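**Q**
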Amino acid sequence: MFRRLLLANRGEVAVRVLRTCRALGIQAVAVATPADRDLRWLQDADEVVELPDNRAYLDQDALIDAATRTACSALHPGWGFLSENPTFAARCEAARLSFVGPRSATMRRMADKAQARATMTALGLPPIPGSKGWLPSVAAARVVAEQLGYPVLIKAVSGGGGRGMRRVFEPSALEGAWRDASAESQSAFGDGRLYLEKLVIDGRHIELQVLGDGRGGVHVLGERECSVQRRHQKLLEETPSVAVDEHRRAEVIERVRAACAALKYRGAGTVEMLRDTDGALWFMEMNTRLQVEHTITEAVTGVDLVAAQLDVAANRPLGRAAVAAGHAIECRINAEDPARGFRPTPGRVTRLRMPAGEGIRVDTHLREGDRISPHYDSMFAKVIAHGPDRSTAISRMEAALAGLEVEGVHTTAALHQSILAHPDFRAGAYDTGWLERSGLLAEPDSSGAST
Numbered sequence: 024m025f026r027r028l029l030l031a032n033r034g035e036v037a038v039r040v041l042r043t044c045r046a047l048g049i050q051a052v053a054v055a056t057p058a059d060r061d062l063r064w065l066q067d068a069d070e071v072v073e074l075p076d077n078r079a080y081l082d083q084d085a086l087i088d089a090a091t092r093t094a095c096s097a098l099h100p101g102w103g104f105l106s107e108n109p110t111f112a113a114r115c116e117a118a119r120l121s122f123v124g125p126r127s128a129t130m131r132r133m134a135d136k137a138q139a140r141a142t143m144t145a146l147g148l149p150p151i152p153g154s155k156g157w158l159p160s161v162a163a164a165r166v167v168a169e170q171l172g173y174p175v176l177i178k179a180v181s182g183g184g185g186r187g188m189r190r191v192f193e194p195s196a197l198e199g200a201w202r203d204a205s206a207e208s209q210s211a212f213g214d215g216r217l218y219l220e221k222l223v224i225d226g227r228h229i230e231l232q233v234l235g236d237g238r239g240g241v242h243v244l245g246e247r248e249c250s251v252q253r254r255h256q257k258l259l260e261e262t263p264s265v266a267v268d269e270h271r272r273a274e275v276i277e278r279v280r281a282a283c284a285a286l287k288y289r290g291a292g293t294v295e296m297l298r299d300t301d302g303a304l305w306f307m308e309m310n311t312r313l314q315v316e317h318t319i320t321e322a323v324t325g326v327d328l329v330a331a332q333l334d335v336a337a338n339r340p341l342g343r344a345a346v347a348a349g350h351a352i353e354c355r356i357n358a359e360d361p362a363r364g365f366r367p368t369p370g371r372v373t374r375l376r377m378p379a380g381e382g383i384r385v386d387t388h389l390r391e392g393d394r395i396s397p398h399y400d401s402m403f404a405k406v407i408a409h410g411p412d413r414s415t416a417i418s419r420m421e422a423a424l425a426g427l428e429v430e431g432v433h434t435t436a437a438l439h440q441s442i443l444a445h446p447d448f449r450a451g452a453y454d455t456g457w458l459e460r461s462g463l464l465a466e467p468d469s470s471g472a473s474t
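The sequence shown begins at 24 in our numbering and counts up one residue at a time.
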């Protein structure tokens, strides 16, 4: 196992990885930009390297230099930032740093969404019907759209988080949507290439947690339901999904396991799928990193996914396959004001009381008096509730949210309480477009169903 590891990220995920490092006796070196240097969680790291500016979590040179100067033998990228950048992974490999994630070649295959579709098709995971690769022009897109039939979904080849994605319901809207999606993708990812998929209406976002040893051994730790979304951003996740029956679950787990075994996938990853109204599950993409919502899989399986990542990165074999038990829900708590279009509300947290109790877990980097920066994502905590069944998990989450106290910034906690109380959610009768139809949002959300 590694002696010393660089936490090449910030905030909640850095604290999450730090917790497992402590349990395993690994020294953890943190990095911090000027905006983050006063956060008190940094005092728990064995060493802190100050980065030069607020964009430096994306500075490959600075992070590799920080790791080598502090004698780290491994680097954990967390999620976001450089976590799925194959060039960064390859540079870590060249610098003799163990990148805690898949091999760079695997990441490169999955980073290109069009190539990932082709790869997974060949491995028995059919994607949502769409173009066979990226499309060179709007004229080419128009031909494919006519073949698929409207509505269609424009997607960025290098996309994620809903960026470079546009729904198109009629031919006259295709050119403008194509232009806007390409510009957004170029700005966000440095890659304006696009492809097309058939738009699945009333779909449900189902993802499967994968662990691979890089030699063909793969565990699939069940599925997560991620359909409570706003503008393609997940708000709440649960496991297992009430929309997937046992037969379908066993079938898709085996198909995903076989595909990832053929890839010789290493580390943690997530195969994201869309369930249509007929119950079919279509491949969307593979995230080659730890997910924000990994916590609920940990709750029902008892597996420490970060520890598993470190094990396989250190060439240790996978542990025994886990059996899931019970039900778990995660609510992402953001410093945003839902009444004002989810406007971020950065600032100093003057009071902070996190919930506790049976089946409750809270992941956060924040401490009372800390400042939430405007420079980064507004999520500052996750509340996880686990119980023997779904109704117990919901009840425990409701009690936990009632006990959450945050002053100084607006949060999304009250919206989560409304979601949990809604009869559609109680019945499990929701999809990726449900939230905007539910009447729970203060303002109409024109973005439509997420995929």
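Here a beta-carbon is modelled for each residue, glycine too, at the ideal position from N, C-alpha and C. Remember, it's a predicted structure, so these values are computed and weren't measured experimentally.
What's the call for E169, buried or exposed, on a 16-neighbour Cβ count within 10 Å?
**A** E169 is exposed by the Cβ-count criterion.
**Q** Apply the 10 Å Cβ neighbour rule to E359 and answer buried if 16 or more other Cβ atoms are within range, or exposed otherwise.
**A** E359 is buried by the Cβ-count criterion.
**Q** When we look at the beta-carbon of K405 and count the other beta-carbons within 10 Å, is it buried (16 or more) or exposed?
**A** With 16 or more other Cβ atoms within 10 Å, it is buried.
**Q** At the level of alpha carbons, what is the spacing between M309 and R126?
**A** Using only the alpha carbons, I get a separation of about 14 Å.
**Q** Does the Cβ of K257 have 16 or more other Cβ atoms within 10 Å, making it buried, or fewer, making it exposed?
**A** K257 should be labelled buried.
**Q** Among the candidates L424, F448 and S441, whose CA atom is the shortest distance from the CA of S414?
**A** Comparing Cα-Cα distances from S414 to each of L424, F448 and S441, the minimum goes to F448.
**Q** Does P467 come out as helix, strand or coil in the three-state DSSP assignment?
**A** Residue confidence for P467 is low, a pLDDT of 43 falling below 50, so the modelled location carries little weight; the figure read from the coordinates is stated next. Residue state, collapsed to three classes: coil.
**Q** In whole angstroms, what separates the C-alpha of G462 from that of I442?
**A** Their Cα atoms are separated by approximately 10 Å.
**Q** Are I151 and M307 closer than 8 Å when you measure CB to CB?
**A** The answer is yes: Cβ separation under 8 Å.
**Q** Return yes when the Cβ of A347 is within less than 8 Å of the Cβ of T324, no when it is not.
**A** Yes; because the gap between Cβ atoms is below 8 Å, this pair is in contact.
**Q** Evaluate R45 with the Cβ neighbour count: other Cβ atoms within 10 Å of its Cβ, from every protein chain shown; 16 or more gives buried, anything less gives exposed.
**A** Per the 10 Å Cβ criterion, exposed.
**Q** Would you kindly check if the distance between the Cβ of E321 and the Cβ of E260 is under 8 Å?
**A** In this structure, E321 does not lie closer than 8 Å to E260 by Cβ.
**Q** What does DSSP give as the partner residues of K257 in its beta bridges?
**A** Note: K257 sits in a beta bridge opposite Q252.
**Q** Taking the alpha carbon of T300 as the point to measure from, which residue in V233, G456, A204 and G292 has its own alpha carbon closest?
**A** It is G456 whose Cα lies nearest to the Cα of T300.
**Q** If you measure from the CB of R355, is any heavy atom of the ligand FAD nearer than 7 Å?
**A** This structure lacks the ligand FAD, and indeed carries no ligand of any kind.
**Q** Apart from the five residues on each side of it in sequence, which residues of its chain come closer than 6 Å, Cβ to Cβ, to H433?
**A** Excluding positions up to five away in sequence, the list reads D360 and T368.
**Q** What is the DSSP secondary structure of Q209, counted as helix, strand or coil?
**A** Reduced to three states, the DSSP call for Q209 is helix.
**Q** Output the residue ranges of the alpha helix (DSSP H) runs that lie fully inside the region 288-359 and measure 4 residues or longer, sorted by chain position.
**A** 317-324 and 328-336, all fully within the region 288-359.
**Q** Helix, strand or coil, according to DSSP, for G199 in the structure here?
**A** Three-state DSSP puts G199 in a helix.
**Q** Report buried or exposed for R419, applying the criterion of at least 16 other Cβ atoms within 10 angstroms of its Cβ.
**A** By the 10 Å Cβ count, R419 comes out buried.
**Q** By how many angstroms is the C-alpha of C95 removed from the C-alpha of G240?
**A** Computed Cα separation, rounded: 28 Å.
**Q** Given this structure, state the Cα-to-Cα distance separating L458 from R280, to the nearest angstrom.
**A** Rounded to whole angstroms, L458 to R280 spans 32 Å at the Cα level.
**Q** Going by DSSP in three states, A404 sits in which element: helix, strand or coil?
**A** Strand at A404.
**Q** The alpha helix (DSSP H) spanning D225 covers which residue range?
**A** D225 -> no alpha helix (DSSP H), and no H or E assigned at all.
**Q** By how many angstroms is the C-alpha of E295 removed from the C-alpha of L176?
**A** Computed Cα separation, rounded: 16 Å.
**Q** Taking all protein chains shown into account, decide if F104 is buried (16 or more other Cβ within 10 angstroms of its Cβ) or exposed.
**A** It is buried - the Cβ of F104 has at least 16 other Cβ atoms within 10 Å.
**Q** Candidates V315, G342 and A337: which alpha carbon is nearest V326's?
**A** Minimum Cα distance to V326 is reached at G342.
**Q** Comparing alpha-carbon positions, which option in L41, T56 and V38 lies nearest P397?
**A** Ranking the options by Cα distance to P397, first place goes to T56.
**Q** In whole angstroms, what is the alpha-carbon distance linking R247 and R376?
**A** If you take the alpha carbons of R247 and R376, they lie about 28 Å apart.
**Q** If the criterion is Cβ atoms closer than 8 Å, does the pair A285 and Q332 meet it?
**A** Against a cut-off of 8 Å, the Cβ pair of Q332 and A285 comes out as no contact.
**Q** Taking C-beta to C-beta, are A551 and V71 nearer than 8 Å?
**A** Only positions 24 to 474 of the chain appear in the structure, and residue 551 is not among them; the question remains open.
**Q** For D386, which option in D334, D203 and I407 has the closest C-alpha, if you only look at C-alpha atoms?
**A** Selected option, being the one with the closest Cα: I407.
**Q** Return helix, strand or coil for P174, following the three-state DSSP convention.
**A** Coil at P174, not helix or strand.
**Q** Which first and last residues belong to the alpha helix (DSSP H) in which V191 is found?
**A** Per DSSP, V191 belongs to no alpha helix (DSSP H); it is in the beta strand (DSSP E), R189 to V191.
**Q** Which complete beta strand (DSSP E) runs does the region 29-70 hold, if anything under 3 residues is left out?
**A** Listed in chain order, they are 50-55.
**Q** Look at the alpha carbon of N338 and the alpha carbon of A139, and state the distance between them as a whole number of angstroms.
**A** If I take the Cα positions, the gap works out to 26 Å.
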